[in-house]
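S.K.:
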Amino acid sequence: MAALRIAILDDYQNVALKMADWKRLGPDAQITVFDQHLPTLDAQAEALAPFDVLCLMRERMPVRAELLERLPNLKLMVVTGVRTRSIDFAAAEARGVVICHTRGGDSSFATPELAWGLILACARHIPQEHRNVRDGGWQRTLGTTLEGRTLGLVGLGKMGARMASIARAFGMPVIAWSQNLTADRAAAAGAELVAKEELFDRADVVTIHLVLSDRTRGVVSAPELARLEPGSILVNTSRGPLVDEAALIARLDAGGLRAGLDVFDQEPLPAGHPLRQRDDVVLTPHLGYVTDTTYAQFFDDCVEDILAWRAGAPVRLLAG
């Protein structure tokens, strides 16, 4: 039997083989783990040309038509999570490539928890004070309490609703806005529906919980950022392009704003990127869904998807 060549991509922590029983695929399965990002089309095509199966970690590596044309052996892609906007589905279908997905893990809880971690890190200057203590220093900053401050939610789906429920424990009133949000839905989540402009006028902390699309790209840009009062906190754990990055940097340069960012226009964030140099920004490397329980489900489902595909009855088929 010919070997089945499987590539696991962007496994930065090098944990994929420990999170599932890949031996279930049989002795002919040859698995290669890529724990470093392949940054260019040429690097991707050269490295991946031999493989029959690609296991993609979320949207870390786009698979466009120009890459698919250079992968002559590719037959199956498994995408972790329940949706992706980084694959050219039409090009994959034209080449007969099957696309399956996994279940979503616990990101509905994990990502809001990280968002609150970023809020607290910004409000109490935790990274700066950590460095101060490690370097032999002591208190240098003044923190901000959250009780009585207003939380503004840009997006009130599952994750936004989770943010609202946690805000009550901090004693924070909650306001919310999105294009299709109604007053009844907002009230059911414990929030007050307001206009977009009013949200940025009133909120002391703004967090973003929207799916990236053509109409949400740049939904937070210079006019919204200009409305934030000095001392405000902006947190984005959804997708980088929801916020106009250049406008955010300009607003930070103007002073009085703190930001907690888990997502960026380009990922991994380039080494010399200006956001890396700032003390008014807390950065994490897209960790919202990166938990042990989520990864265990992702990779166990990858194995299940490959087994089902090999048996001629693929499961969790994904279409564009």
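If you're matching positions, the sequence shown starts at 2 in this note's numbering and goes up one per residue. Yeah, the Cβ is synthetic: ideal placement off N, Cα and C, and Gly gets one too.
#1: Starting from the C-beta of R1, find all residues in its chain whose C-beta is less than 6 Å away, skip the five residues before and the five after it, and write them out in chain order.
#2: Considering only heavy atoms of the ligand SAM, does any lie closer than 7 Å to the CB of I32?
#3: In the structure shown, what three-state DSSP assignment does H102 receive?
#4: How is the alpha helix (DSSP H) around M160 delimited, first residue to last?
#5: Starting from I307 and walking both ways along the alpha helix (DSSP H), at which residues does that stretch end?
#6: Going by the CB atoms, is the gap between C303 and A93 shorter than 8 Å?
#7: Inspect the CB distances between the stretch 52 to 72 and the stretch 3 to 16 and report whether three or more fall short of 8 Å.
#8: What are the boundary residues of the beta strand (DSSP E) that E235 is part of?
#9: Taking L115 and T285 to be in contact with their CB atoms under 8 Å, please state how far apart those CB atoms are, rounded to whole angstroms.
#10: To the nearest whole angstrom, what separates the beta carbons of V83 and R61, a pair I think is in contact under 8 Å?
#11: What ranges does the beta strand (DSSP E) occupy inside the stretch 131 to 219, keeping only unbroken runs of at least 3 residues that lie completely in it?
#12: Could you tell me which of A227, E199, F299 and Q180 sits nearest to D215, measuring between CA atoms?
#13: Where do the ends of the beta strand (DSSP E) carrying L5 lie?
#14: Out of curiosity, what's the CA-to-CA distance linking A196 and W178?
#15: Are the Cβ atoms of R150 and D205 separated by less than 8 Å?
#16: By DSSP's criteria, V244 is part of a beta bridge. Which residues make up the other side?
#17: Below 6 Å CB to CB, which residues in the same chain sit around F35 once its five sequence neighbours on both sides are set aside?
#18: Compare the beta carbon distance of P315 and C101 with 8 Å and say whether it is the shorter of the two.
#19: Using the C-alpha atoms, what's the distance from A168 back to I250?
#20: Run through the DSSP bridge pairs and tell me what T112 is partnered with.
#21: Skipping 5 residues on each side, what residues in its chain have a beta carbon closer than 6 Å to that of L119?
#22: Tell me the start and end of each unbroken beta strand (DSSP E) in the stretch 26 to 87 that is at least 3 residues and wholly inside, in chain order.
#23: For W139, count neighbouring Cβ atoms within 10 angstroms of its own Cβ and tell me buried if that reaches 16, exposed if not.
#24: For A93, report the span of its alpha helix (DSSP H) as first-last.
#25: For P63 and P275, I'd like the C-alpha separation in whole angstroms.
#26: Apart from the five residues on each side of it in sequence, which residues of its chain come closer than 8 Å, Cβ to Cβ, to V80?
#27: With DSSP as the reference, please indicate the residues paired to L284 in a beta bridge.
#28: Do you know whose CA, among D29, K24, N15 and Y13, lies nearest A3's CA?
#29: DSSP beta-bridge partners for L318?
#30: State the Cα-Cα distance for the pair F299 and R141, rounded to the nearest angstrom.
#31: Verify whether the separation of the beta carbon atoms of T238 and G289 is less than 8 Å.
M.R.: According to the structure shown:
#1: With the chain covering 2 to 321 only, the question about residue 1 has no answer from this structure.
#2: Only the bare structure without any ligand can be found here, which leaves the ligand SAM out of the picture.
#3: Here residue 102 is taken as the residue at index 101 of the sequence shown, counted from 1. Of the three classes helix, strand and coil, the one that applies to H102 here is strand, per DSSP.
#4: Translated into positions along the sequence shown, residue 160 becomes position 159. M160 -> alpha helix (DSSP H) spans K159 to A170.
#5: Residue 307 sits at position 306 when you count from the first residue of the sequence shown. It spans D293 to R311 - the alpha helix (DSSP H) in which I307 sits, taken as one unbroken run.
#6: Sequence index remark: in the sequence shown, residue 93 carries index 92 (1-based). Sequence index remark: in the sequence shown, residue 303 carries index 302 (1-based). Going by C-beta atoms, A93 is not nearer than 8 Å to C303.
#7: yes
#8: Position 234 of the sequence shown holds residue 235. Note on residue identity: the sequence assigns Leu, not Glu, to residue 235. Element bounds for L235: S233 to N237.
#9: Taking the sequence shown and counting its residues from 1, the one referred to as residue 115 is at position 114. Taking the sequence shown and counting its residues from 1, the one referred to as residue 285 is at position 284. Yes, L115 and T285 are in contact; Cβ-Cβ is about 7 Å, under 8 Å.
#10: As a position in the sequence shown, residue 83 is number 82, starting the count at 1. As a position in the sequence shown, residue 61 is number 60, starting the count at 1. At roughly 16 Å, the Cβ-Cβ gap does not stay under 8 Å, so V83 and R61 are not in contact.
#11: 152 to 155, 175 to 178 and 206 to 209
#12: For this step, residue 215 is matched to residue 214 along the sequence shown. Considering only alpha carbons, the answer is Q180.
#13: The count along the sequence shown starts at 1 and reaches residue 5 at position 4. First-last of the beta strand (DSSP E) with L5: L5 to I9.
#14: Position 195 of the sequence shown, counting from 1, holds the residue named residue 196. Position 177 of the sequence shown, counting from 1, holds the residue named residue 178. A196 and W178: Cα-Cα distance of roughly 6 Å.
#15: Taking the sequence shown and counting its residues from 1, the one referred to as residue 150 is at position 149. Taking the sequence shown and counting its residues from 1, the one referred to as residue 205 is at position 204. For R150 and D205, yes; Cβs fall inside 8 Å.
#16: What you label residue 244 is simply residue 243 of the sequence shown in a count that begins at 1. Bridge partners of V244: V221.
#17: The count along the sequence shown starts at 1 and reaches residue 35 at position 34. Closer than 6 Å at Cβ, skipping near neighbours: L10.
#18: The count along the sequence shown starts at 1 and reaches residue 315 at position 314. The count along the sequence shown starts at 1 and reaches residue 101 at position 100. Yes.
#19: Here the question's residue 250 lines up with position 249 in the sequence shown. Here the question's residue 168 lines up with position 167 in the sequence shown. Answer to the nearest angstrom: the Cα atoms are 27 Å apart.
#20: If you number the sequence shown from 1, residue 112 lands on position 111. In DSSP, T112 forms no bridge with anything.
#21: Counted from its first residue, the sequence shown places residue 119 at position 118. Cβ within range, chain order: V236, G261 and V283.
#22: 30 to 34, 54 to 57 and 77 to 80
#23: Position 138 of the sequence shown holds residue 139. Under this definition W139 is an exposed residue.
#24: Along the sequence shown, read from residue 1 onward, the residue named residue 93 stands at position 92. Segment F90 to A95, the alpha helix (DSSP H) holding A93.
#25: Translated into positions along the sequence shown, residue 63 becomes position 62. Translated into positions along the sequence shown, residue 275 becomes position 274. Computed Cα separation, rounded: 24 Å.
#26: Here residue 80 refers to the residue found at position 79 of the sequence shown. Hits under 8 Å: L57, R59, I88, I100, C101, H102, T103 and L319.
#27: As a first step, residue 284 is located in the sequence shown; it is residue number 283 there, counting from the start. Paired residue(s): L262.
#28: Within the sequence shown, residue 3 is the residue found at index 2, counting from 1. The candidate whose alpha carbon is nearest that of A3 is D29.
#29: In the sequence shown, counting from the first residue as 1, residue 318 sits at position 317. DSSP lists C101 as partners of L318.
#30: For the purposes of this step, residue 299 is identified with residue 298 of the sequence shown, where counting begins at 1. For the purposes of this step, residue 141 is identified with residue 140 of the sequence shown, where counting begins at 1. Approximately 42 Å, taken between the alpha carbons.
#31: Here residue 238 corresponds to residue number 237 of the sequence shown, with the count starting at 1. Here residue 289 corresponds to residue number 288 of the sequence shown, with the count starting at 1. It is a contact, given that the beta carbons lie within the stated cut-off.
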